[in-house]
Amino acid sequence: MAAPPALGALGLTFTVMRAMQFIGLIIIIGLSSSFVADIVASSYTAPPALIGTLVIACLAEVYVIISYILYWDSLLPLLIATAADFLCLVAGIVVACVVGKPVSYLNCNAFPSKGNTAAFLNSLFVNVKRLGDNTFEWADPSKPSCLQLKSIWGISIAMCALFTLSTATTACLWRRLKCSAPPPPKDLE
357 MAAPPALGAL
367 GLTFTVMRAM
377 QFIGLIIIIG
387 LSSSFVADIV
397 ASSYTAPPAL
407 IGTLVIACLA
417 EVYVIISYIL
427 YWDSLLPLLI
437 ATAADFLCLV
447 AGIVVACVVG
457 KPVSYLNCNA
467 FPSKGNTAAF
477 LNSLFVNVKR
487 LGDNTFEWAD
497 PSKPSCLQLK
507 SIWGISIAMC
517 ALFTLSTATT
527 ACLWRRLKCS
537 APPPPKDLE
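Numbering (our numbering), first residue to last: 357 to 545.
Next up, the structure:
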């Protein structure tokens, strides 16, 4: 097996961030898909926010895997990777805001330990549409579902931080490789 590119601390930082992004996105995919499965099994329609979270996390996961494979083989176009990491950051911000809007109003400790996940999530995202009247009705909430949803929100925020750092790291790697490239030979005609 070939060794990773020898790019010093920046290369190590890129590797560590990609590993953390991989793990965080796997957790978001697992938690979101569990919610969607519970909702569909209860004959409800899954909230668009959860479907969007799942789609964005899956696409970001594929990007993280492919970009690291290309990095390992020294084939990653770092300027394009910088732009792609920035797009993942923007998508992560959107997910954190959309999921966080209703979740920020929840007090998980006040909920019972058992409830109906599908009815709770349906009521949660319906309440977002009427935030102006400050009256919320949570249908059959449960503490585990609430904590699971808050986990998705928290990890989405962590993904924003990681994609911010990986955007900066890939830009620095690009600059480093660009400056260290030998000048083109002079044409002596």
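C-beta: ideal position from N, C-alpha, C; glycine also.
The model shown is predicted, which means the values in this text are computed figures rather than measured ones.
Cβ-Cβ distance between residue i and residue j below 8 Å
{"i": "Gly408", "j": "Val454", "result": "yes"}
{"i": "Ile395", "j": "Ala402", "result": "yes"}
{"i": "Pro497", "j": "Phe476", "result": "yes"}
{"i": "Gly386", "j": "Met515", "result": "no"}
{"i": "Cys444", "j": "Cys502", "result": "no"}
{"i": "Leu435", "j": "Trp530", "result": "yes"}
{"i": "Tyr555", "j": "Phe370", "result": "It is not possible to answer for residue 555, since the shown part of the chain is limited to 357 through 545."}
Nearest to residue i (by Cα), restricted to the options the options
{"i": "Thr523", "options": "Ser423, Cys502, Trp428", "result": "Ser423"}
{"i": "Gly306", "options": "Pro468, Gln504, Leu366", "result": "The shown model of the chain, from 357 to 545, leaves out residue 306, and the question about it has no answer."}
{"i": "Phe478", "options": "Phe391, Tyr427, Ser536, Ala452", "result": "A quick correction: the sequence has Asn, not Phe, at residue 478. The residue with the shortest Cα to Cα distance from Asn478 is Phe391."}
{"i": "Arg374", "options": "Arg532, Ser388, Leu533, Thr525", "result": "Thr525"}
{"i": "Lys470", "options": "Cys528, Ala495, Ser536, Ser430", "result": "Ala495"}
{"i": "Ser362", "options": "Asp429, Ser389, Ser388, Ala393", "result": "Residue identity check: residue 362 is Ala in the sequence provided, not Ser. With distances taken between Cα atoms, Ala362 lies closest to Asp429."}
{"i": "Ala393", "options": "Asn472, Ser460, Phe442", "result": "Asn472"}
Close-in-space but distant-in-sequence residues of the same chain around residue i (CB under 6 Å, 5 per side omitted)
{"i": "Ile383", "result": "Ile511"}
{"i": "Ile449", "result": "Cys516"}
With 16 other Cβ atoms within 10 Å as the buried cut-off, status of residue i
{"i": "Leu368", "result": "exposed"}
{"i": "Pro500", "result": "exposed"}
{"i": "Gly364", "result": "exposed"}
{"i": "Ala437", "result": "buried"}
{"i": "Ala413", "result": "buried"}
Same chain, Cβ closer than 7 Å to residue i, neighbours up to 5 away in sequence not counted
{"i": "Leu533", "result": "Leu434"}
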